[in-house]
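S.K.: Protein sequence lines, in the order shown, are assigned to chains C and A. Using the working numbering, read the first sequence as starting at 1 and increasing by one per residue. Using the working numbering, read the second sequence as starting at 1 and increasing by one per residue. Heads up, the beta-carbon is just placed ideally off N, CA and C, and yes, glycines get one too. Sharing a structure below in structure tokens format, with a few things to ask.
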Amino acid sequence: MRIPLRTENRGRLIPNLFLAVLGPRNMAHFDAIIDTGSDTTIISYKDAGLLQISIKNKPTAKRIQGIGSTEAQICEYNKELTFFLTKEDGTKFKVISQKTYISKEERGANITIIGMDFLKENNLQFFYNPNGVAYLERVEKETEEINK
Amino acid sequence: MEEKQIFEEAQKNKEFLDKNFKIFEKEYPNKFIAVSGANVVGTGETPDAVFEIINQKKIDKSNVLVEFIPIAGSILIL
Numbered sequence: 001m002r003i004p005l006r007t008e009n010r011g012r013l014i015p016n017l018f019l020a021v022l023g024p025r026n027m028a029h030f031d032a033i034i035d036t037g038s039d040t041t042i043i044s045y046k047d048a049g050l051l052q053i054s055i056k057n058k059p060t061a062k063r064i065q066g067i068g069s070t071e072a073q074i075c076e077y078n079k080e081l082t083f084f085l086t087k088e089d090g091t092k093f094k095v096i097s098q099k100t101y102i103s104k105e106e107r108g109a110n111i112t113i114i115g116m117d118f119l120k121e122n123n124l125q126f127f128y129n130p131n132g133v134a135y136l137e138r139v140e141k142e143t144e145e146i147n148k
Numbered sequence: 001m002e003e004k005q006i007f008e009e010a011q012k013n014k015e016f017l018d019k020n021f022k023i024f025e026k027e028y029p030n031k032f033i034a035v036s037g038a039n040v041v042g043t044g045e046t047p048d049a050v051f052e053i054i055n056q057k058k059i060d061k062s063n064v065l066v067e068f069i070p071i072a073g074s075i076l077i078l
């Protein structure tokens, strides 16, 4: 089972996909990038807002440091979120997550990151050819499907 | 709205956003924009500013895309 990815996002060579996520109150849609440099999946502040998840009073769980001197703060979200990823036949691959991290940074690009934890937990392999195709592939057959 | 319909609406909004992205780069650099029904329904400096507009207009968050528009040519580093 394969989940096609886009190889670039508006001219930038970044593997990404358009996600649907079901939260406690509603479903939201947003872009997410596959980041092999991140061991943690992080929902952006903006995308958490679309899911109507309030993080205003949540304590910082981790600090993320990047290439510069700035650091981002993230908090834990311990309620169920369901991720819908579109397979190559157009049907959806459903992943239920019980624990997610949410960025507390309101400023900046606000991009949701699919980290290596997501790939590991869901037994997904990652293939990326910047001059060709990109996809996630799951070898197991234990998938849940909904009709397109 | 049914799940299938929500997916289809989101896809239409996504296509609209991608198709017009170069225009948005010129009109809304460094801002967040909200797209619903293949129209720009709000812009703001922060996600919360955009959500406020969405709430005022009583738009269901399941039917809206909110995206940051970077300054054209800027490099994205995570």
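Rank I3/C, E8/C, M1/C by C-alpha distance to the C-alpha of N129/C and give the top, closest one.
M.R.: Reading the first sequence from its first residue, position 129 is the one you call residue 129/C. When each option's Cα is compared against that of N129/C, the closest is E8/C.
S.K.: Under a CB-based cut-off of 8 Å, is K61/A close to chain C?
M.R.: By one-based count along the second sequence, residue 61/A stands at place 61. Closer than 8 Å: yes.
S.K.: Does the region 7–22 of chain C come into contact with the region 29–40 of chain A, if we say contact requires no fewer than three beta-carbon pairs (one atom in each stretch) closer than 8 Å?
M.R.: no
S.K.: Compare the C-beta of I33/A with all C-beta atoms of chain C and state if any pair is closer than 8 Å.
M.R.: The residue labelled residue 33/A in the question sits at position 33 within the second sequence. Cβ-Cβ to chain C under 8 Å: no for I33/A.
S.K.: For P149/A, which residues in chain C fall below 8 Å Cβ to Cβ?
M.R.: With chain A covering only 1 through 78, there is no way to say anything about residue 149/A.
S.K.: Compare the C-beta of P29/A with all C-beta atoms of chain C and state if any pair is closer than 8 Å.
M.R.: Residue 29/A sits at position 29 when you count from the first residue of the second sequence. Judged by the 8 Å Cβ criterion, P29/A is not in contact with chain C.
S.K.: With a CB to CB cut of under 8 Å and the five nearest residues on each side skipped, what residues in its chain are close to E52/A?
M.R.: The residue labelled residue 52/A in the question sits at position 52 within the second sequence. Contacts found: G44.
S.K.: Chain C beta carbons: is any one of them nearer than 8 Å to that of F68/A?
M.R.: Stepping through the second sequence from its first residue, residue 68/A is reached at position 68. Chain C, which has a Cβ nearer than 8 Å to the Cβ of F68/A, makes this yes.
S.K.: Just to confirm, are R6/C and E88/C a CB contact at a threshold of 8 Å?
M.R.: Mapped onto the first sequence, residue 6/C falls at position 6. Mapped onto the first sequence, residue 88/C falls at position 88. No, they are not a contact pair.
S.K.: Based on the DSSP output, what are the partners of T82/C in its beta bridges?
M.R.: If you number the first sequence from 1, residue 82/C lands on position 82. BP columns for T82/C point to L22/C, I96/C.
S.K.: In three-state terms, what does DSSP make of G150/C?
M.R.: The requested residue 150/C is not part of the displayed model; chain C covers only 1 to 148.
S.K.: Between which two residues does the beta strand (DSSP E) harbouring L5/C extend?
M.R.: On the first sequence, position 5 is the one that residue 5/C refers to. Run containing L5/C: 2–5, per the beta strand (DSSP E) assignment.
S.K.: Below 8 Å between beta carbons: does that hold for V21/C and L51/C?
M.R.: Here residue 21/C refers to the residue found at position 21 of the first sequence. Here residue 51/C refers to the residue found at position 51 of the first sequence. For V21/C and L51/C, yes; Cβs fall inside 8 Å.
S.K.: With 8 Å set as the bound, which would you pick, yes or no: does the beta-carbon of M116/C sit closer than that to a beta-carbon of chain A?
M.R.: Position 116 of the first sequence holds residue 116/C. So no, M116/C is outside the interface.
S.K.: Quick check for students: name the residue ranges of the beta strand (DSSP E) that lie wholly in the region 37–66 of chain C, counting only runs of 3 or more.
M.R.: Fully enclosed beta strand (DSSP E) runs of 3 or longer: 62–65.
S.K.: Is DSSP giving K120/C helix, strand or coil here?
M.R.: Reading the first sequence from its first residue, position 120 is the one you call residue 120/C. Three-state DSSP puts K120/C in a helix.
S.K.: Beta-carbon separation of S103/C and I34/C under 8 Å?
M.R.: Within the first sequence, residue 103/C is the residue found at index 103, counting from 1. Within the first sequence, residue 34/C is the residue found at index 34, counting from 1. Contact: no.
S.K.: Within the same chain, show all residues whose beta-carbon is closer than 6 Å to that of S38/C, passing over the 5 residues directly before and after it, in chain order.
M.R.: Residue 38/C sits at position 38 when you count from the first residue of the first sequence. Excluding five sequence positions before and after S38/C, the CB atoms of its chain that fall closer than 6 Å to its own CB belong to I113, G115, given in chain order.
S.K.: Using CA atoms only, rank isn't needed, just tell me which of E3/A, K57/A, Q56/A is closest to H29/C.
M.R.: The residue you call residue 29/C lines up with position 29 of the first sequence. Looking at the Cα atoms, E3/A is the closest of the given residues.
S.K.: According to a CB-to-CB cut-off of less than 8 Å, which residues of the region 10–35 of chain C neighbour chain A?
M.R.: R10, R12, I14, F18, A20, N26, M27, A28, H29, F30, D31, I33, D35
S.K.: Would you tell me roughly how many angstroms separate the C-alpha atoms of R107/C and L85/C, rounded to the nearest one?
M.R.: As a position in the first sequence, residue 107/C is number 107, starting the count at 1. As a position in the first sequence, residue 85/C is number 85, starting the count at 1. When rounded, the distance between both Cα atoms is 27 Å.
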